[in-house]
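Visitor: Quick one: the structure is below, and I'll ask about it shortly.
In the UniProt record's numbering, the protein residues as written are 1 to 129.
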């Protein structure tokens, strides 16, 4: 682990996670009260289950970021232990996009339509450059 176990940043992150959970549980309770009333619906009951999940999401994100950071540090340490002899992971090749020129339809006697099609073909060709 890097540095101290308790830092102001970690305390702030924990406080935000706890505050989010408390607020969202309060909203779940509010939705439960609305469900219990005569005008309550099953939509309110759905929100009762949904709000706590929203409250847990910041804590999940902190856990996930820490896990990914630990994995990255382990890979860096492994690469340093190998002395840099490992080949870097190659990125997958990017797909090659081929664009065929736009062909305008044959002139059917409608000059306005033919001019419009030429304009569209020019715009398309300009976008491809």
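Note that the Cβ used here is the ideal one computed from N, Cα and C, for glycine as well.
1. Are residue 21 and residue 56 touching if we call contact CB-CB under 8 Å?
2. For residue 72, which residues of its own chain have a beta-carbon under 6 Å away from its beta-carbon, when the five flanking residues on both sides are left out?
3. Would the beta-carbon of residue 60 fall within 8 Å of that of residue 48?
4. On the criterion of 16 or more Cβ atoms from any shown chain inside 10 Å, does residue 31 qualify as buried, or is it exposed?
5. Can you look up residue 110 in the DSSP assignment and give me helix, strand or coil?
6. Express the C-alpha separation of residue 69 and residue 17 in angstroms, rounding to a whole number.
7. Measure the alpha-carbon distance for residue 8 versus residue 67 and round it to whole angstroms.
Guide: Reading off the structure:
1. yes
2. none
3. no
4. buried
5. coil
6. 19 Å
7. 20 Å
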